[in-house]
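For the sequence shown, the numbering used here gives the first residue as 7, with consecutive numbering after it. Quick reminder that beta carbons are idealized off the backbone N, C-alpha and C, glycines included. A short write-up of the structure that comes next.
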Amino acid sequence: SAPTAWANDDEAGEFWLNPTVTRALDDRTSIEMETAQRFRSSPRDDTYFIRGWINRDDAAGRTWSFGVEQRWTGPDEEEQRLLQQVSYALGPIDMRTRFEQRWVSTDPDVGIRVRQRVGGSIPMAEGDEAWSLTGDAEVFVTLQA
């Protein structure tokens with residue numbers, strides 16, 4: 007049987023920043039520019055990415071999205087991704103299903119994976135500008151490493 011994988015204390019430290027800007031094009035369509043900076047403790051390399059999205063809401067309340075991403079991990083690795091996803095609600099639960107194709111400079115094969123996110127949000131006050139407490143969990147299924 008396969009050994010159990012456990013987190014190493016040396017890999018515990020990470021700090022993420024994820025600034026995002028969204029602009030509505032009409033009542034159902036928007037574009038989004040997202041960046042992320044993932045600062046990791048040694049010996050792992052920091053990661054940076056920029057991602058562009060086009061989002062379209064359908065009549066059933068789902069949001070369909072297509073994105074492209076450029077990612078840099080350390081000095082020697084670059085990655086490009088194509089992203090397709092749908093965001094939807096199941097009652098009070100927020101869901102997102104994403105399909106990714108990944109091209110990594112250190113590997114000749116295309117990586118393919120599905121990501122399923124489940125989460126929810128609780129408003130902390132009334133109104134459109136109010137803060138919310140949000141939590142998510144995500145599972146990655148690799149179809150081709």
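{"Asked": "I need the DSSP call for residue 112, collapsed to helix, strand or coil.", "Found": "coil"}
{"Asked": "Taking residue 42 and residue 70 to be in contact with their CB atoms under 8 Å, please state how far apart those CB atoms are, rounded to whole angstroms.", "Found": "Not quite, the Cβ-Cβ distance comes to about 22 Å (not below 8 Å), so this is no contact."}
{"Asked": "Is it the case that the Cβ atoms of residue 20 and residue 47 are separated by a distance below 9 Å?", "Found": "yes"}
{"Asked": "Looking at residue 77 and residue 54, is the spacing between their C-beta atoms short of 9 Å?", "Found": "yes"}
{"Asked": "By a C-beta neighbour count over all protein chains shown, 10 Å radius and 16 as the cutoff for buried, is residue 108 buried or exposed?", "Found": "buried"}
{"Asked": "Going by C-alpha to C-alpha distance, which of 62, 114, 58 and 103 sits closest to residue 84?", "Found": "114"}
{"Asked": "The beta strand (DSSP E) spanning residue 138 covers which residue range?", "Found": "138-150"}
{"Asked": "So who's on the other strand from residue 50, going by DSSP bridges?", "Found": "Answer is none; residue 50 lacks a bridge partner."}
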